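Visitor: Quick one: structure below, then a few questions.
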Amino acid sequence: MGDVGWGIDFGSRATRIVQVRREQNKVIIERVVVAENEPDLRKALTAAGVVVREGIVGLSGKDCMLRLIKVPQAPPKRLSVILDFEIGELTKRSPEPTCGAYHISAASEGGADQLLATVALVREKTTEQIYQNLRGAGVACHAFLPTPFALYNTFMALKNYDPSGLTVLADIGVQSTTLVVVKDGAFVLGRIVPVGAQEFSKALASALSITPQQAENVLLREGVIRPKNWRSEREKRISDALGGVVDRILLGVRSALNTAQRHLRLGSVTPDRVLLFGGCARLPGLADMVSASLGTKAEAAAVLPPPSSQFPDADPRPGLYEQVPARDAHNINPLGSELAVAVGLALSALGPPFLKLDLLPPLLRKRIEFRERYVWLIAAAALVVAFVILAGLAVRREEGSTRRRNIALKHQREQLESRRSALAAKRRELKRLRSTLKELRQMPSVNKGVVKLLAQLHSPELMPSSINLTSISLLDAKSDRENPAKVLYLNGIINAEVGEEMTIVRRFAKALRGLPYVENASVDPEATKRQKGRFVFRIGISFTEEAR
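Counting in my numbering, the sequence shown runs from 20 upward without gaps.
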């Protein structure tokens, strides 16, 4: 771990790069570079005179997946084996090559025999693409870190906020919101909710019947959330639209708190404080709505504390300070709340108490290690290779016919080994085919209508994107006949605005009835309802005689 770290917040609309430096018990923000899009990143870095080495890149909800699991108390080596096994099992289920890393939470119930661990999974293709994009912009990527851990790192450096008790951190990004639950300064869990600032604009565009570009201007100039005392009907519609999006974010916050209560056996899920980060953290009325909903104090957090801030000497955490030059100052607002993730990523390179995960695919790790540690050996290696070639030429002149015979014998041995390997591969393939044939003989007859429907089910023209199927079952229909027909039941969840769910279900059932091989598709009224904050449904499908 060095004394300088670079954090790269690779966002959908802008890329933010922050450099921090550690001096004793201080962490100083020295440089901030912001580029609106990827092609402008190299120009922005060149204009700022910045060269990024060993940068830490953040991974958001669309790039990684977080799992919270419980593991038994065990020595560190055995605990590592257990978690490596869990990660291996999760990566095996992924359809694409995936790598993972874990963090064991220091927050646990006193005397408990189990620990909380957060497992982060990322597709190797995603990390490779990000690595290549940043390399094309002249940025050297060193590691990856999910944004909840970066947000936690920033909180640990904000000594003007008390870490004791239960704290909720929320960073509202463009496409998603990062949530972190902290208990007594320890990372408990992280969540990434797929609701961000874009949803505010979409809600305003729908409520006011305007374009998304106009909605963004309304959000900046007129955005406000008030429970009452609106100054006009337009302000009421704006407040209601924005409040609906905040309610969706609060659902994720309550879910995270309930999970923390269940795993840590907390007596109450009411947090002691809620800190808001991101560009939307300063939205008028947002903090008041969050505070009223959760029953605690909520405020927009300041990542850049004023120069007059005095931190308690007894607090061992490194305090965050700012020495940003004037040419970088235009990239940040007075609070700097939109820099929370980028700052936390940079802090992860400084070592404890800041968190860092070993989240790198093996091939990419070797490539990065080679670039960072072994490039200086290339010249020496070239000299060694030249010496070996010259020595080989000298020896080759002396070997004569003996060397040629040895080469021929070696070639024959290699051919025999190759044939032996090919025969072994054919035996394994034959064994596999026999096993497959045996399984096929044991398979029951297949309903043709089910096969056709499953092949066509995920078509956007048939099933809306707001529907998530949870299970599919094929059961006998209730009938007195000897061989009753089969009925296919689709069970799922609707992710849509409240009040529109039943309409979506009926449209889906109507679309199913329009298929030529479907005899009927009906909604089960008993199984279609709102349950535990989610709208679940069940549709029964019967097929025509030809498709059975």
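For every residue, glycine included, the Cβ atom is placed at its ideal position computed from N, Cα and C. Predicted, not measured: the structure shown is a model, and the values here were computed from it.
Quick check on methionine 462: buried or exposed, where buried means 16 or more other Cβ atoms within 10 Å of its Cβ?
Guide: With a pLDDT of only 48 at methionine 462, under 50, the local geometry of the prediction cannot be trusted, and no value is derived from it.
Visitor: Pairing CB atoms from the segment 211-222 with CB atoms from the segment 247-266, are three or more of them under 8 Å?
Guide: Because the criterion of three Cβ pairs below 8 Å is met, the segment 211-222 and the segment 247-266 touch.
Visitor: Just verifying my parser: in three-state terms, what is the DSSP assignment at isoleucine 244?
Guide: Looking at isoleucine 244 - three-state DSSP - the assignment turns out to be coil, as it is neither helix nor strand.
Visitor: Starting from proline 91 and walking both ways along the beta strand (DSSP E), at which residues does that stretch end?
Guide: Note, proline 91: beta strand (DSSP E), 83-91.
Visitor: Going by Cα to Cα distance, which pick from Gly297, Ile75, Asn510 and Ile512 is closest to leucine 153?
Guide: The candidate whose alpha carbon is nearest that of leucine 153 is Ile75.
Visitor: Evaluate contact between the segment 159-170 and the segment 262-271, counting only Cβ atoms and requiring at least three cross-stretch pairs below 8 Å.
Guide: Counting Cβ pairs under 8 Å, fewer than three are found: no touch.
Visitor: Judging by CA-CA distance, which residue of Leu412, Gln38, Ala275 and Pro353 is the nearest neighbour of arginine 85?
Guide: According to the sequence as given, residue 85 is leucine; it is not arginine. The candidate whose alpha carbon is nearest that of leucine 85 is Ala275.
Visitor: Measuring alpha carbon to alpha carbon, tell me which residue in Val53, Val288 and Gly77 is nearest alanine 66.
Guide: Of the candidates Val53, Val288 and Gly77, the one whose C-alpha sits nearest the C-alpha of alanine 66 is Val53.
Visitor: Out of Thr197, Glu115 and Leu87, which one is the CA nearest neighbour of glutamate 105?
Guide: Minimum Cα distance to glutamate 105 is reached at Leu87.
Visitor: Quick check on this structure: which residue in Arg384, Lys375 and Val470 has the alpha carbon closest to the alpha carbon of tyrosine 150?
Guide: Of the listed residues, the one whose Cα sits closest to tyrosine 150 is Arg384.
Visitor: By the 10 Å Cβ neighbour count, where 16 or more other Cβ atoms means buried, how is asparagine 350 classified, buried or exposed?
Guide: Asparagine 350 is buried by the Cβ-count criterion.
Visitor: Excluding the 5 residues flanking glycine 80 on each side, which residues of the same chain have their C-beta closer than 7 Å to its C-beta?
Guide: For glycine 80, where only same-chain residues beyond five positions count, the Cβ hits under 7 Å are Ser195, Ile211 and Pro213.
Visitor: Can you list, in chain order, the residues of its chain whose CB lies under 7 Å from that of tryptophan 249, leaving out five sequence neighbours each side?
Guide: Counting only Cβ-Cβ distances below 7 Å, and skipping sequence neighbours, we find Lys255 and Ser258.
Visitor: Taking the beta carbon of lysine 161 as the centre, do at least 16 other beta carbons fall within 10 Å, making it buried, or is it exposed?
Guide: Here the sequence assigns histidine to residue 161, which means lysine is not the residue at that position. By the neighbour-count rule (16 or more Cβ atoms within 10 Å), histidine 161 is buried.
Visitor: Just to confirm, are threonine 117 and arginine 142 a CB contact at a threshold of 7 Å?
Guide: In this structure, arginine 142 lies closer than 7 Å to threonine 117 by Cβ.
Visitor: Indicate the three-state DSSP secondary structure (helix, strand or coil) for methionine 462 in the structure shown.
Guide: No answer about methionine 462 holds up, because its pLDDT of 48 lies below 50 and its placement is not dependable.
Visitor: What's the call for histidine 477, buried or exposed, on a 16-neighbour Cβ count within 10 Å?
Guide: Exposed: under 16 other Cβ atoms inside 10 Å.
Visitor: To test your reading of the DSSP string, which unbroken beta strand (DSSP E) runs of 3 or more residues are found completely within the segment 323-382?
Guide: Here the runs fully enclosed are 338-341.
Visitor: Using only CA atoms, which one of Leu531, Arg557 and Leu339 lies nearest to glutamine 475?
Guide: Checking every option, the nearest Cα to that of glutamine 475 belongs to Leu531.
Visitor: Compare the C-alpha of leucine 374 against each of Asp347, Arg567 and Thr173 and name the closest.
Guide: Taking only the C-alpha atoms, the option nearest leucine 374 is Thr173.
Visitor: Under the three-state reduction of DSSP, which class applies to histidine 430: helix, strand or coil?
Guide: Helix.
Visitor: I'd like to confirm the pairing. Which residues does DSSP put opposite aspartate 190 in its beta bridges?
Guide: Partner(s): Thr197 and Phe296.
Visitor: Rounded to the nearest angstrom, what separates leucine 364 and leucine 135 at their Cα positions?
Guide: One C-alpha to the other measures close to 23 Å.
Visitor: For valine 490, is the classification buried or exposed, using 16 other Cβ atoms within 10 angstroms of its Cβ as the cut-off for buried?
Guide: The sequence as given places serine at residue 490; valine does not occur at that position. Serine 490 comes out exposed.
Visitor: What would DSSP say about lysine 505, mapped onto helix, strand or coil?
Guide: Three-state result, lysine 505: strand.
Visitor: May I have a chain-ordered list of the beta strand (DSSP E) segments no shorter than 3 residues that lie completely inside the segment 120-180?
Guide: Qualifying beta strand (DSSP E) stretches, in chain order: 133-142 and 160-165.
Visitor: Take histidine 122 and list the residues in its own chain whose beta-carbon comes closer than 8 Å to its own, dropping the five residues that flank it on each side.
Guide: So the qualifying residues of the chain are Ala136, Thr137, Ala139, Phe168, Phe206, Leu374 and Leu376.
Visitor: Closest by CA to valine 309, which one among Arg281, Gln342, Arg273 and Glu341?
Guide: Taking only the C-alpha atoms, the option nearest valine 309 is Arg273.
Visitor: Suppose you measure from the CA of aspartate 606 to the CA of isoleucine 101; what does that come to, to the nearest Å?
Guide: The question about residue 606 has no answer here: the residues shown for the chain are numbered 20 through 567.
Visitor: Is proline 353 buried or exposed, if buried means 16 or more other CB atoms sit within 10 Å of its CB?
Guide: It is exposed - the Cβ of proline 353 has fewer than 16 other Cβ atoms within 10 Å.
Visitor: Could you give the DSSP three-state label for isoleucine 229: helix, strand or coil?
Guide: Here isoleucine 229 sits in coil by DSSP.
Visitor: Which residues bound the beta strand (DSSP E) around arginine 50?
Guide: Residues 45-54.
Visitor: Name, in chain order, the residues that DSSP records as bridge partners for leucine 185.
Guide: BP columns for leucine 185 point to Lys202.
Visitor: Taking one C-beta from the segment 185-193 and one from the segment 231-245 each time, how about it: are there three or more such pairs within less than 8 Å?
Guide: Short answer: they don't touch.
Visitor: Can you tell me whether arginine 557 is buried or exposed, with buried defined as 16 or more other CB within 10 angstroms of its CB?
Guide: Answer is buried; the Cβ neighbour count reaches 16.
Visitor: Is alanine 582 helix, strand or coil when you go by DSSP?
Guide: In the structure as shown, the chain starts at 20 and stops at 567, and residue 582 therefore has no counterpart that could be examined.
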